[in-house]
Structures are given as structure tokens and as C-alpha cells.
Amino acid sequence: MGSERSAGSRAQTSVAMEILLVVVVGVTADLFFWRGFIGSGFDLISGNLGDNRLIIALHEHWYSVFAGRDSWQRPLFLFPAPNVLGFSDTTFLGSLVYSIGRILGADVYIAFQLNLIAFSLIGFFSAYVLCRRYLGMEIVPSLLGSVAFAFSTSMSFTRCVAQNVYVYLAPVLLILLCAFVRDLAAEQWRALRSGVPFAVLLAAVLFSWFNFGWFFVLFLGLAGGFSVVLEPAILWRAPTKRRLAIVAVVAFAFVVAMVPFLQTYLPVVFSGLRRSYEEALPHLLAPSQMFNFAGDLWQALGWPPVGISDLSQFSATPGVVLGVLVAGAAVLVGCARNRSGVPSLPDRVLLAVFLSILVGWLLVLDVGGVSAWWLAFQIIPGASANRVVARFQYILSLFSCLVLFYSLNRVWISGGTVTRWLIAAFALFVVAEQPASFPVDGISRREEHARLADIPAPPASAEAFFLIAADVPPAQLSSPWPFLIAQIDAMLIAERFGLPTINGYSGWSPPGWRFGLPTRQNSKYSAEVVAWVEKNGFRGRIAALDLARRQWIVRPSGLTARSSSAAW
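In terms of the numbering used here, the sequence shown opens at residue 1117 and continues consecutively.
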């Protein structure tokens, strides 16, 4: 009895030490990853004055929805056009963590940054659980693989366009999927405990950021297809009634959870808006961009720097790419030498994932204007909604790390001393090439507060407003951002005062919305505003905001589009 208690105590101590080690590594890596924000005294916020401020405005919309002030389907921008939430990513899941920060008293910028930090930690810890519990990897390879995924050079770029952080949910989805497949194979009803959450989370991801959800499903489809090719007998196994019942419940949960997605995006689909294949072409990768040399290690070795706008931001580092190719080739050779003719289950899964990665790389590649993406665009439902096809690389990055470090783990277990030293050196090299210190923190919280904090409350009679003059920082006048800055300023002001704005920005613009940079020099601007709202059936009072002068002007009643320009 005493020996059993002693063994149990040692096991508990071992688990506690492992948890402590994982927490220390994860938090340390996360602090280093967000060193720009922390080192600035919490002033520098990730991104630029365009995309990430748009996401802040969308998060603030959801915060107002949760507080009961707004309707989730009618955000306060691009007013009074309907269904404008479906013109872009809804960012719903990200707004949950963001809203907690707002409830606790954080301003919009700190709440936004805390949301990004929370997602990176979710990505690290869930990747570790996936490696350790579901792939059976040792502690050190699991830690290194999780760091290589969650804090990679590619993931550093996700901070510039913050909806990319939803990639950190991919390990969570895989954990739920692995648990579901395991319990479904055993015909146990407890499969619903993981299957239903997987279905609901996948639907929420699609609703929050369609690109990630779609690419994740595409990869699972590729891996499933290769699994069938490697073992065709899967198709001939008759499913039992219990398995069919479990799958039916999970499918039903997914359909129900997809209702918000359908309510938001079906009106956009029925309106006829489509992406063309030509829109995707600039966002495919040339062969020279398949390797990401943007990390600090490569800069120290004298490699030419890679700019933040370079599409190589979407590619994996050379160590990861070469490691995956070697690991895949080793599995292929091992399968070819298998005397039984049937690869083991781990080898089949590893090979299916490896082949799916190769197909993924092929899909995002553009060789002299020719790309396999054209075929995907033509035949796969939903492909036309994806403009930045290279974002598929974020999904491929996760699976590449899993294949690489799982393979290193296998060789480590079976290899000798020299082999283990070589494996350890290569694994550390892969992790060392990830950190990158390129500038991604381009929003000054103090400057934004100073620029937008002293706007007076709008007139009580106003039912909507528009910017008649912008207040773009002088340093940004020669940048590509003045139009975006002005439009997103209006969105943030609308959320602050709960007053709809005709201004706004999204992935698409409503039909007939063609407003440029608001300036007093544009004598036709206010007339175009009145024509726009009257065309959309709005007859209420509109206020004009001269942001440069901090002045509100209310439109007189009965004003028509022809006489409007003189009234402001």
C-alpha cells in the first residue's frame, strides 16, 4: 500500500513539474514575442492605422451588442446600407476576449492587444496538449514544436492583420477532432462530448473568419482523401447504427451553429458579389517566396532583409520546409520497404498529412502566371471568397510543425547518441530561426487618444453622421492610409457615441457607396452623402463632423441633395 502511495505521489509530482515547465516556457516565449508592446510601456499596439483599427472597430461593435446597445446584424457603419457585416470578417470569437477586457476597464487598444496575447497563449498551450496527449510525443519535442508554431516568424506577421490570430485555434479544433475520432471508433456516446464542441467551434470560426475556417476544412478534406487512397478498405466498412447516430447529432449541431453565418453571408451571396480569380493572383507565392528568411537569425547571417509587405511573410522558415520534406521522404521510403505492404496507422496518417502539405504548397504557388489555385477556384465551393490565398500557409505551418517534430521525436526515441545530438541541434536551429524583430507595432495608443479623445458629443437631434473633413496625422498624408484612417475614425466615433455613420470600411463596399477622403475642398461630397441616404430610404437628420475643427453641423430639415452642399 505504501509503495503504491509513493508511486502515486511521484506521478503527481512529475505531472506538476511538467505543468510548471510548460507554463514557464510558454509565458517566457510569449513575453518575448510581445516585447514591442511591453517595452513601449503598453503604448505601441500591433498593426498599422488601417486593418487592425478596423478590427478594433468590429470588436467594439460586438462589445456594444453584448451590452445590449446594438443589433449584431446592423453595425453602425456604412449606414443605412443593409447586411454590411457580411462584407468582411465578423471577428466574433476575438470580440469575446476583447469584451472581457473592456468590461474590466481596459480601453479599446489595450483590450485589443490583450486579445491577441490571449490567442497566442491558447495556440501554444493547445499545441502542446495536442503533441503530448494525442500524438504521444516526449516533453522536449512537444515544447519545441509548440514554440515553433505559436511564436514563428509567420505568426509574427499575423499581428499586422489581427484576424489571422484565429489560426491559433487550429490545435484546439484538432484536439476535439482527435478525441471525437477516437471515441467514435470505439462506438462510445462520449464522442459527443468532443464532437459537438468541434462542430460548434468550427461554425464559430467560419463565422468569425471565413478564410481560416475554409482553409482548415480544405486541409482536412485533403488529408481524408489521401487516407482513403492509402487504405481504400475504409470505404467498404459498413458504419454501425450507433456511429451513424453520433455523426448525425454532431452534424445537426454544426447546422444549428451555422445559422448566424448563413444569416450574415447569404444576403451577400445572393447580391451577386464575387471575387475573381484575377484578384487572387497577386496573393500567390513565387517559388522564391516559399522560404521565409525574415527571422533575426537569418538577418544576423547576412541574408537580405524581407519587407513586411513581402508575400514571403506567409511562408515557413527554411528549417521547417526542408525538415518536412526530409521527414516525408523518410516515411515514403519506410512505407516502400514495408514487407507487409500495408503501412502502419501512424505512418498512414503521417503520410496523408505530408501529402496534403505538398498539395497545399502547390495550391499557393504561382510559376510564371500558372497556378493550381485556378483549378481549386473553379471546382471547390467557397474558394472564390478567398482573396489572399497565401494565408493557407498559416494552416500549413501548423501541420508542418506537427510533421517535423513528430518525426524528430520518433528518430530521437529510436536513435543512438550521435543521432540524438544531431536531432537536438536541428530542432534548436528550427526554433532559433523563428524570432523576428521587424516593426509590426505601428499604432501609438497615446497618439490615438490625443487625436480622437476631445471630440464633443454630437447634437441630440442627429440620427446619423458623416465626416465632412478628416484629421489625418501629418506623417500619414503621404502613406497609403489617409482614406482608411478617416473611414475607420468615423467607425470608432460611431461606436463611442452610438450614432450611425455613413462612412466606414469593409472588404466590399455597398452598391453605390463611392466616398473618398473627406475634405472641405470637395464641394460635391455632402451632396453625394444626401443622395446616398435618400437612395437607401433614410429621411432623418444627418450631422456633419468636421474632425479637423472638432465641430458638428446638423443638416436642416427638408434639405435636398441639390441644395445640400451649401448647408454645411
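Glycine included, C-beta positions come from ideal geometry on N, C-alpha and C.
Rounded to the nearest angstrom, what separates residue i and residue j at their Cα positions?
{"i": "Ala1488", "j": "Ser1577", "result": "56 Å"}
{"i": "Ile1609", "j": "Asp1570", "result": "11 Å"}
{"i": "Ser1242", "j": "Pro1287", "result": "6 Å"}
{"i": "Asp1662", "j": "Arg1562", "result": "22 Å"}
{"i": "Gln1379", "j": "Cys1517", "result": "36 Å"}
{"i": "Ala1393", "j": "Ser1431", "result": "The displayed chain sequence assigns Tyr, not Ala, to residue 1393. Each residue's Cα considered, the two are about 21 Å apart."}
{"i": "Met1374", "j": "Gly1184", "result": "22 Å"}
{"i": "Thr1144", "j": "Met1607", "result": "36 Å"}
{"i": "Pro1589", "j": "Leu1170", "result": "17 Å"}
{"i": "Val1646", "j": "Ile1604", "result": "20 Å"}
{"i": "Ala1499", "j": "Arg1358", "result": "34 Å"}
{"i": "Arg1248", "j": "Ser1258", "result": "6 Å"}
{"i": "Ala1660", "j": "Arg1190", "result": "21 Å"}
{"i": "Gly1623", "j": "Leu1174", "result": "13 Å"}
{"i": "Trp1305", "j": "Leu1192", "result": "45 Å"}
{"i": "His1565", "j": "Gly1329", "result": "35 Å"}
{"i": "Leu1165", "j": "Thr1617", "result": "19 Å"}
{"i": "Phe1581", "j": "Gly1202", "result": "22 Å"}
{"i": "Ile1135", "j": "Gly1388", "result": "52 Å"}
{"i": "Ser1642", "j": "Ala1266", "result": "48 Å"}
{"i": "Thr1129", "j": "Phe1521", "result": "26 Å"}
What three-state label does DSSP hand residue i in the structure shown?
{"i": "Val1469", "result": "helix"}
{"i": "Gly1163", "result": "strand"}
{"i": "Gln1550", "result": "coil"}
{"i": "Leu1389", "result": "coil"}
{"i": "Ile1171", "result": "helix"}
{"i": "Val1480", "result": "coil"}
{"i": "Ser1533", "result": "Per the sequence shown, the amino acid found at residue 1533 is Thr instead of Ser. Three-state result, Thr1533: helix."}
{"i": "Ala1278", "result": "helix"}
{"i": "Val1588", "result": "coil"}
{"i": "Leu1583", "result": "strand"}
{"i": "Val1527", "result": "helix"}
{"i": "Phe1407", "result": "strand"}
{"i": "Leu1192", "result": "coil"}
{"i": "Asn1400", "result": "For the record, residue 1400 in the displayed sequence is Leu; it is not Asn. In this structure, Leu1400 counts as coil in the three-state DSSP scheme."}
{"i": "Val1486", "result": "strand"}
Am I right that residue i and residue j are in contact with their C-beta atoms under 8 Å? What's the rounded C-beta distance?
{"i": "Leu1466", "j": "Val1527", "result": "About 13 Å; that fails the 8 Å criterion."}
{"i": "Leu1633", "j": "Phe1599", "result": "5 Å"}
{"i": "Leu1474", "j": "Leu1401", "result": "Actually they are not in contact, since the Cβ atoms of Leu1474 and Leu1401 sit about 14 Å apart, beyond 8 Å."}
{"i": "Ala1227", "j": "Gly1217", "result": "3 Å"}
{"i": "Ala1320", "j": "Ser1310", "result": "So it is not a contact: roughly 16 Å between Cβ atoms."}
{"i": "Val1442", "j": "Asp1463", "result": "15 Å between Cβ atoms; not a contact."}
{"i": "Thr1433", "j": "Thr1269", "result": "6 Å"}
{"i": "Ile1161", "j": "Asp1557", "result": "6 Å"}
The alpha helix (DSSP H) that contains residue i, what's its start and end?
{"i": "Gln1229", "result": "Val1224 to Val1245"}
{"i": "Val1333", "result": "Phe1326 to Leu1346"}
{"i": "Ile1216", "result": "Phe1208 to Ile1219"}
{"i": "Leu1568", "result": "Arg1561 to Leu1568"}
{"i": "Arg1612", "result": "Pro1598 to Phe1613"}
{"i": "Met1271", "result": "Thr1269 to Phe1273"}
{"i": "Leu1292", "result": "Ala1286 to Ala1301"}
{"i": "Pro1257", "result": "Ile1255 to Ala1266"}
{"i": "Leu1438", "result": "Pro1434 to Arg1453"}
{"i": "Arg1359", "result": "Lys1357 to Ala1373"}
{"i": "Tyr1641", "result": "Tyr1641 to Lys1651"}
{"i": "Gln1494", "result": "Trp1489 to Ile1495"}
Quick one: give me the first and last residue of the beta strand (DSSP E) that residue i is part of.
{"i": "Trp1668", "result": "Gln1667 to Val1670"}
{"i": "Ala1659", "result": "Ile1658 to Asp1662"}
Can you confirm whether residue i, when its beta carbon is compared against all beta carbons of chain B, has any partner nearer than 9 Å?
{"i": "Ala1361", "result": "The chain inventory of the structure shown lacks chain B, comprising one protein chain alone."}
Would the stretch 1643 to 1654 and the stretch 1196 to 1215 be scored as touching if the rule is three or more Cβ pairs under 8 Å?
-> Short answer: they touch.
Determine contact between the stretch 1328 to 1337 and the stretch 1498 to 1515, defined as no fewer than three beta-carbon pairs at a distance below 8 Å.
-> Yes, since at least three Cβ pairs between the stretch 1328 to 1337 and the stretch 1498 to 1515 fall closer than 8 Å, the two stretches touch.
Stretch-stretch touch, CB-based, cutoff 8 Å, three pairs: the stretch 1208 to 1223 with the stretch 1249 to 1256 = no
Can we say the stretch 1281 to 1297 touches the stretch 1443 to 1452, given the rule of at least three CB pairs closer than 8 Å?
-> no
Report yes or no: do the stretch 1299 to 1319 and the stretch 1535 to 1546 share at least 3 C-beta pairs separated by less than 8 Å?
-> Between the stretch 1299 to 1319 and the stretch 1535 to 1546 there are fewer than three C-beta pairs closer than 8 Å, too few to call the two in contact.
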